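Here is the structure we will look at, set down as structure tokens.
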Amino acid sequence: MKVRILSFDPGTASTGYSLLDGHTGTKFLQLSQWGMIRTKKVAGGSSEVRERIDAIGNEFREMVSEYKPTHVAVEDFTEQGKFVGKTYKEMAWLTEHFRMVGRELGLEVAVYENGYWKKVLTGAMRLNKTQVQHYISTRLPQARELLEKQPSHVWDSVGIGLCRFDLLLKTGG
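Letter by letter, the sequence shown follows residues 796 to 968 of our numbering.
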């Protein structure tokens, strides 16, 4: 089965994304697109979180229209055991916004907590950024050069997409 996985490591100021193209029958997978969605907070504009979440949702809609993914995967910060504070609340809103926009566009959005996607990939829940980058580079050798100067959010989005691919392999689709 051909797959096109659009994955995100979300943040209300900066969100990493990646697009992986592959085939579950041959286990082939390649990194096709990647980058950052930066909201006005980063660019010196509005700090209103709802406006930033809407802007991220609009970028998500545009990516779905352009890339036509078969699957979408998002990291869920709120499942990391941090249940209080402003960041928790804002990230919960953002995660649910991804799910809502996905449903609106006819796509299921798979949501994976940080430790879960790392455990699926490597068997370990706690990996630092260097370990994540090393693992991704072993799975997708072209990533080392392509993502060399990219922020960790982009690398994590690739890891989240790899997790979705591996789970598709296990379940047969």
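The C-beta atom is built at its ideal place from N, Cα and C for all residues, glycine as well.
Keep in mind the model is a prediction, meaning the values are calculated, not measured.
Q. Using the rule of at least 16 other Cβ atoms within 10 Å of the residue's Cβ for burial, across every protein chain shown, is Q928 buried or exposed?
A. So Q928 counts as buried.
Q) Once you ignore the five residues that flank K822 on each side, which residues in its own chain have a CB closer than 7 Å to its CB? A) So the qualifying residues of the chain are L964.
Q: Identify the continuous beta strand (DSSP E) that holds E870 and give its terminal residues.
A: It spans 866–871 - the beta strand (DSSP E) in which E870 sits, taken as one unbroken run.
**Q.** Three-state secondary structure assigned by DSSP to R833
**A.** Note: R833 maps to strand in three-state DSSP.
Q) When you compare only the Cα positions, how much space is there between D816 and G956? A) Computed Cα separation, rounded: 10 Å.
Q | C-alpha gap between G910 and P864, whole angstroms | A | C-alpha separation (whole angstroms): 24 Å.
Q) Does the region 902–917 come close enough to the region 850–869 to have 3 or more Cβ pairs within less than 8 Å? A) Yes, the region 902–917 is in contact with the region 850–869.
Q.
Cutting at 6 Å between CB atoms, please list the residues of its own chain near I832, excluding the five before and the five after it.
A. So the qualifying residues of the chain are T810, I851, E854.
Q | Option in L935, K924, R959, L889 with minimal Cα separation from R847 | A | Relative to the Cα of R847, the nearest Cα in the group L935, K924, R959, L889 belongs to L889.
Q: Label T834 either buried or exposed according to how many other C-beta atoms from any shown protein chain fall within 10 Å of its C-beta, with 16 as the threshold for buried.
A: Buried is the call here.
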